[in-house]
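One structure is given here, and the rest of the page talks about it.
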Amino acid sequence: SLSDRITQALSSLRGKGRLSDADIAASIGEIRRALLDADVALPVVRDFTATVRERAEQAELSKVLNPAQQIVKIVHEELTRILGGHTRDLRFAKRGPTVYLLAGLQGAGKTTLAGKLGKWLREQGHTPLLVAADLQRPNAVQQLQIVGDGAGVAVWAPEPGNGVGNPVEVARTGVQHARDAFYDVVVVDTAGRLGVDAEMMQQAADIRDAVDPQEILFVIDAMIGQDAVTTANAFAEGVGFTGVVLSKLDGDARGGAALSVASITGVPVMFASTGEKVGDFERFHADRMASRILDMGDVMTLIEQAERAFDEEQAAEMAAKIAGDGDFTLEDFLVQMQQMRQLGSMKKMLGMLPGMGQIREQLENFDEREVDRVEAIVRSMTPEERRTPKIINGSRRSRIARGSGVTVTEVNGLLDRFEQAKTMMRSMARGGGAPGVPGGFG
Ligand code: GDP
Ligand code: MG
2 SLSDRITQAL
12 SSLRGKGRLS
22 DADIAASIGE
32 IRRALLDADV
42 ALPVVRDFTA
52 TVRERAEQAE
62 LSKVLNPAQQ
72 IVKIVHEELT
82 RILGGHTRDL
92 RFAKRGPTVY
102 LLAGLQGAGK
112 TTLAGKLGKW
122 LREQGHTPLL
132 VAADLQRPNA
142 VQQLQIVGDG
152 AGVAVWAPEP
162 GNGVGNPVEV
172 ARTGVQHARD
182 AFYDVVVVDT
192 AGRLGVDAEM
202 MQQAADIRDA
212 VDPQEILFVI
222 DAMIGQDAVT
232 TANAFAEGVG
242 FTGVVLSKLD
252 GDARGGAALS
262 VASITGVPVM
272 FASTGEKVGD
282 FERFHADRMA
292 SRILDMGDVM
302 TLIEQAERAF
312 DEEQAAEMAA
322 KIAGDGDFTL
332 EDFLVQMQQM
342 RQLGSMKKML
352 GMLPGMGQIR
362 EQLENFDERE
372 VDRVEAIVRS
382 MTPEERRTPK
392 IINGSRRSRI
402 ARGSGVTVTE
412 VNGLLDRFEQ
422 AKTMMRSMAR
432 GGGAPGVPGG
442 FG
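Under my numbering, the residue at position 126 of the sequence shown is numbered 127, and the numbers go up by one with no gaps.
Structural data, given as structure tokens:
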């Protein structure tokens, strides 16, 4: 499988103290072949390997990770980036109803998704309506009705006078009905063919024009293979889409199609369908998919262990310091921040501290440049100032601001946050909970 192959390619680097460019090239060559064999599209593979090679060659020596681990980390980060990075939220109309249009080949999983999405939206406090605009496939309307029943969501099906035989009319009257009956979200199921087909595409485009959707979700079977790119391009051109939904991720699909579609179209994967039941549905998280491709089982685990060991060592040192004479200095504060950045995994580190669960969310918005700013400011202080921040008076503050290229307000802000962090570290050392993030983010 793709993940086995990548794992293997990277494990041959293990145990090497330093990596030559040739070592890097050999591993990346292996990864390249593995991706191609897993049906990831050629331009995507080319782009991906070029970026990884460049970053690997430029990577600074890490204290925590050995060179092989560093490359795995880079591969993981690049996979995550290609898959769309942070998960985007669904868009809602300012004035309802919000319309989501589902598009994709027959058998991709659109009708099943309509039910899953409906249930999910209902759980989020919405009142969704499913609209059966697939009049192509025999029993498609009935299938949606069954799916809607299972999800506890209302279904708009064509009846005499409501556009029987005309999917555009069914969609249009469905949205009108939602408006009249106060449904706030409309999910429009559409027809698909086994292959890309001009007539079907035109029908989907006509429905789109009639209902003006906030999102067009392109549903694609994760096991589709090399056809993923042709299909995605055809839908991108024929109907356009704003989000991708990967279905059948419960199979042994390893993400080849996902990588191709997200990367080629630049549209993020938003949801994953992972089974036939109405609850087999989740937000798609690029980093988790990247882990799945890399198979956390082996190499990723090693990396985590290395990072954790480092965390624990430093945390213990820090705790001893605070428990001892209570001398938590600006230098320690800086070390703490640098450590967080170096590990690139604030979440993990904080996850290990008690009481940190609720602030994980805020960390999603963590700004790395903040660390640079803090670093610049602390670097502009004299060693004495770093150890004894109390002496930093007004004129010292303006000198530090000038030296680090920030405003005095920013220097003040840093000193305030340092004081907060210090208080927090003390209370943690006494065994209390953690009232805030070390370093004062969020
Ligand atoms: P549509 O033609 O795009 O509407 O596709 P359907 O929703 O009718 O799904 C086609 C088949 O795939 C059905 O048998 C579904 O039960 C099945 N299916 C849909 N999504 C998933 C999924 O995430 N996992 C699995 N295993 N089967 C799925
Ligand atoms: Mg269907």
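All C-beta atoms, glycine included, are put in the ideal place defined by N, C-alpha and C.
It should be emphasised that the depicted structure is a prediction, and the values quoted were computed from it without experimental measurement.
In this structure the region 73 to 84 does not touch the region 211 to 227; the number of beta carbon pairs closer than 8 Å is below three. Taken in chain order, the unbroken stretches of beta strand (DSSP E) that lie wholly in the region 199 to 226 and span 3 residues or more are 216 to 222. According to DSSP, residue pairing for residue 283 in a beta bridge involves 273.
Inter-segment contact for the region 119 to 133 and the region 238 to 251 is absent: fewer than three beta-carbon pairs are separated by less than 8 Å. Rounded to whole angstroms, the separation of the alpha carbons of residue 282 and residue 371 is 36 Å.
Per the coordinates, the alpha-carbon of residue 395 lies some 15 Å from the alpha-carbon of residue 378. Spanning the alpha carbons of residue 141 and residue 134 requires a straight line of approximately 9 Å. In the three-state DSSP reduction, residue 248 falls in the strand class (E or B).
Annotation for residue 144 indicates a beta carbon within 8 Å of some heavy atom of ligand 2. Per the C-alpha coordinates, the member of 118, 35, 58, 51 positioned closest to residue 284 is 118. In this structure, residue 182 places its C-beta atom within 9 Å of the C-beta atom of residue 130. Within its own chain, the residues whose Cβ lies closer than 8 Å to the Cβ of residue 419, once the five positions on either side in sequence are excluded, are 331, 334, 390, 441, listed in chain order. The beta carbons of residue 259 and residue 223 sit about 6 Å from each other, so the pair counts as a contact at 8 Å.
Going by C-alpha positions, residue 262 is about 23 Å away from residue 200. Shown here for residue 37: same chain residues with a beta carbon closer than 8 Å to its own, the five before and five after excluded, namely 43, 46 in chain order. Secondary structure note for residue 169: its alpha helix (DSSP H) is the uninterrupted segment 168 to 182. Short note on residue 192: C-beta closer than 8 Å to some heavy atom of ligand 2.
Residue side-chain check: residue 52 keeps its Cβ at 8 Å or more from all non-hydrogen atoms of ligand 2. A Cβ-Cβ contact shorter than 9 Å links residue 184 with residue 98. Residue pairing from DSSP places residue 157 in a beta bridge opposite 132.
Residue nearest to residue 194 within the set 272, 136, 247 is 136 (criterion: CA-CA distance). Judged by beta-carbon spacing, residue 196 lies beyond the 9 Å limit of residue 103, meaning their Cβ atoms are not closer than that value.
Excluding the 5 residues flanking it on each side, residue 404 has same chain C-beta neighbours closer than 7 Å at 381, in chain order. Excluding five sequence positions before and after residue 401, the CB atoms of its chain that fall closer than 8 Å to its own CB belong to 378, 381, 382, 386, 393, 412, given in chain order. Of the candidates 186, 248, 275, the residue whose Cα lies closest to the Cα of residue 127 is 186.
In this structure, residue 274 sits near residue 113, with a CB-CB distance shorter than 9 Å. In the DSSP annotation of this structure, residue 42 is not part of any alpha helix (DSSP H), being labelled neither H nor E. Residue 374 sits away from residue 416, with the two beta carbons spaced by 9 Å or more.
Relative to the non-hydrogen atoms of ligand 2, the Cβ of residue 111 comes within a distance shorter than 8 Å of at least one. DSSP, reduced to helix, strand and coil, places residue 186 within a strand of the structure shown. Here residue 204 is buried: its Cβ has 16 or more other Cβ atoms, across all protein chains shown, within 10 Å.
For a cut-off of 8 Å, the C-beta gap from residue 146 to residue 156 is around 5 Å, short enough to register as a contact. Residues 136, 159 of the same chain have their beta carbon placed closer than 8 Å to that of residue 166, with the five preceding and five following residues left out of the count.
The continuous alpha helix (DSSP H) containing residue 145 extends over residues 141 to 152. Distance from the C-beta of residue 138 to the nearest heavy atom of ligand 2 is below 8 Å.
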